[in-house]
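**Student:**
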Amino acid sequence: MKILVTGGLGFIGSHTVVELQHQGFEVVVIDNLSNSSEDVLDGISAITGKEPIFENLDLRDKKKLNGFFEKYPDIRGVIHFAASKAVGESVEEPLLYYENNLGVLTYLLQELKQKGNGNFIFSSSCTVYGQADSMPITEAAPVKPAESPYGNTKQVGEEIIRDTCNVNPELKAIALRYFNPIGAHPSAKIGELPLGVPQNLVPYITQTAIGIREKLAVFGDDYPTPDGTCIRDYIHVVDVAKAHVIALQRLLEGNNATNYEVFNLGTGTGSSVLEVIKSFEKVSGKKLNYNIAPRREGDVIQAYADTKKANTVLGWKAESSLDEAMKSAWEWEQKVRS
Ligand code: UD1
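Read in order, the letters of the sequence shown are residues 0 to 337 in numbering that gives the first Met the number 0.
1. As a quick exercise: from LEU32, GLY267, ASP221 and GLU280, pick the residue whose alpha carbon is nearest that of ARG295.
2. When burial is assigned at 16 or more other CB atoms within 10 Å of the CB, is LYS49 buried or exposed?
3. Please report how far the alpha carbon of VAL312 lies from the alpha carbon of SER13, in whole angstroms.
4. In terms of residue numbering, what span does the beta strand (DSSP E) encompassing LEU184 cover?
5. For ALA317, report the span of its alpha helix (DSSP H) as first-last.
6. Could you check the C-alpha separation between GLU158 and GLY253 for me, to the nearest Å?
7. In this structure, does DSSP put GLU138 in helix, strand or coil?
8. Quick one: is the Cβ of LEU3 within less than 7 Å of any heavy atom of the ligand HEM?
9. Output the boundary residues of the alpha helix (DSSP H) element that contains ASP162.
10. Hey, would you say ARG117 sits closer than 8 Å to LYS188, going by beta carbons?
11. So the candidates are GLU92, GLY156 and SER319; which of them puts its Cα closest to the Cα of TYR265?
12. Short of 8 Å in beta carbon distance, which residues of its chain neighbour ILE245, apart from the five on each side in sequence? Order them along the chain.
13. Give every residue of the same chain whose Cβ lies closer than 6 Å to the Cβ of CYS164, excluding the five residues on either side of it in the sequence, and list them in chain order.
14. Three Cβ pairs or more, each shorter than 8 Å: is that satisfied between the stretch 175 to 193 and the stretch 226 to 243?
15. Do PHE119 and ILE74 count as a contact pair if the criterion is CB distance below 8 Å?
16. Between which residues of its own chain and PRO202 is the CB-CB distance below 6 Å, once the five residues before and five after are set aside?
17. Heavy atom of the ligand UD1 less than 7 Å from the Cβ of LEU321, yes or no?
18. By DSSP, does ASP132 sit in helix, in strand, or in coil?
19. Relative to the C-alpha of ASN263, which candidate in THR152, GLU330, LYS326 and PRO135 has its C-alpha closest?
20. Going by the DSSP bridge assignment, what does LEU3 pair with across the sheet?
21. On the CB-based measure, 16 or more other CB atoms within 10 Å of its CB, does ASN151 come out buried or exposed?
22. Pick out whichever of LEU175, ARG231 and PRO72 has its Cα sitting closest to the Cα of ASN199.
23. Is the beta carbon of LEU104 less than 8 Å from the beta carbon of GLY156?
24. Would LEU32 be called buried (16 or more neighbouring beta carbons within 10 Å of its own) or exposed?
25. Going along the chain, which residues of its own chain have a beta-carbon closer than 7 Å to the beta-carbon of PRO72, five neighbours each way excluded?
26. Please tell me whether MET122 and ALA85 are closer than 8 Å, where the distance is taken between their beta carbons.
27. Which one or two residues does DSSP pair with TYR233 in a beta bridge?
28. Per DSSP, what are the beta-bridge partners of GLN301 in this structure?
29. Which same chain residues, not among the five before or five after SER283, have their C-beta less than 7 Å away from its C-beta?
30. Go ahead and pull the three-state DSSP assignment for TYR289.
31. Please indicate yes or no: does the CB of TYR303 lie closer than 7 Å to some heavy atom of the ligand UD1?
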């Protein structure tokens with residue numbers, strides 16, 4: 000059965016392609032290589048023994064996208080990762096974000112509607128909750144006003160899918176709200192490859208440890224948390240990838256409760272920035288060079304998931320610990336720079 004993975008050469012996309020192939024799916028990847036490289040195909044096939052079909056296509060090209068669905072009429076499901084994700088850049092270039100993340104989403108849904116059937120998995124984010132009023136965060140927590148155009152594209156993206164599914168019962172969709180995916184495949188053959196200076200904590204840590212960055216700045220130690228640093232729910236990317244396959248199977252088998260569903264993907268445990276650093280130092284045996292810096296604008300104090308719905312309804316649970324995730328991130332960083 001053919002499954003389309005957009006953004007399948009990116010960080011979470013590539014790990015999901017691997018898990019799909021492990022489960023026997025035939026994968027077609029669309030990627031425009033804007034934040035990835037064709038070498039990822041080699042990493043995937045080194046793990047699974049099979050290279051996915053690859054189409055280098057920019058999803059904003061509606062004509063080409065239509066041509067793609069004509070070429071592959073037997074696509075049974077779509078996992079949609081392709082999107083821009085830099086919060087700061089989205090503030091500078093809102094139209095780029097709305098076009099890439101929302102324009103493209105409408106094109107894909109139009110294609111699925113035209114096909115008359117569609118099983119659609121959407122990359123959403125815990126950013127939709129903003130600073131939630133209570134922890135852990137359930138899916139019933141209100142969506143708060145977005146802090147950035149990027150965050151807004153995730154909120155509006157969910158609404159576009161919900162509204163479309165409402166009037167097109169042949170379309171079925173699941174939005175997965177990721178907390179903080181980190182780490183790399185345990186084989187160290189695929190992982191996260193941020194372009195330029197990393198914005199996210201874990202690649203910044205590993206790049207500092209390997210000597211590419213001088214020092215990690217810890218953004219604020221005066222938050223109302225036990226050690227004063229922000230708390231997040233860091234989840235191993237392989238666990239995130241596996242959840243996509245389970246969600247897709249739920250739709251393919253018609254086990255969904257309604258034709259639009261939302262699930263949190265997290266571990267249920269919050270870790271502070273200093274705890275992440277400690278975990279890194281433990282698994283790498285290296286001391287990390289860091290200092291305390293001012294708070295970063297837009298950061299929430301804490302966010303960690305209530306995972307009950309995903310555990311009971313999807314039958315999925317994150318299996319890896321923070322230490323395991325940090326170890327895999329470090330092994331990947333060393334492999335990439337060797
Ligand atoms: C960020 C985005 C979020 C997006 C997610 C996915 C912001 C405010 N949030 O989440 O919308 O969905 O990435 O890419 O950009 N930290 C440091 N030093 C650093 C980097 C990070 O102390 O150099 C701290 C941050 O203050 C935060 C934690 O590490 O407390 C995690 O940061 P990060 O990895 O950027 O993730 P989020 O901010 O949770």
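Every residue gets a Cβ at the ideal spot worked out from N, C-alpha and C, and that includes glycine.
**Tutor:** According to the structure shown:
1. For ARG295, the nearest C-alpha among the options comes from ASP221.
2. exposed
3. 25 Å
4. First, the residue type needs correcting, since residue 184 is His and not Leu in the sequence shown. Segment: none, HIS184 is in no beta strand (DSSP E) and carries neither H nor E.
5. From DSSP, ALA317 is part of no alpha helix (DSSP H); its letter is neither H nor E.
6. 22 Å
7. coil
8. Inclusion of the ligand HEM in the displayed structure is not the case, the ligand content consisting of the ligand UD1 alone.
9. 148 to 166
10. For the sequence presented, residue 117 should be read as Gly rather than Arg. No, the Cβ-Cβ distance between GLY117 and LYS188 is not below 8 Å.
11. Checking the sequence, you will find Gly at residue 265 rather than Tyr. Nearest of GLU92, GLY156 and SER319 to GLY265, Cα basis: SER319.
12. LEU313, GLY314 and TRP315
13. LEU170, ALA172, ASN258 and TYR259
14. yes
15. no
16. GLU191 and PRO193
17. no
18. coil
19. PRO135
20. Partner(s): VAL27 and VAL77.
21. buried
22. ARG231
23. yes
24. exposed
25. Once the five neighbours on either side are set aside, PRO72 has no close Cβ partner at all.
26. Residue identity differs from the one stated: residue 122 is Ser in this sequence, not Met. No, Cβ-Cβ distance for SER122 and ALA85 is not below 8 Å.
27. BP columns for TYR233 point to ASN179.
28. ILE230
29. So the qualifying residues of the chain are ALA208 and TRP329.
30. strand
31. no
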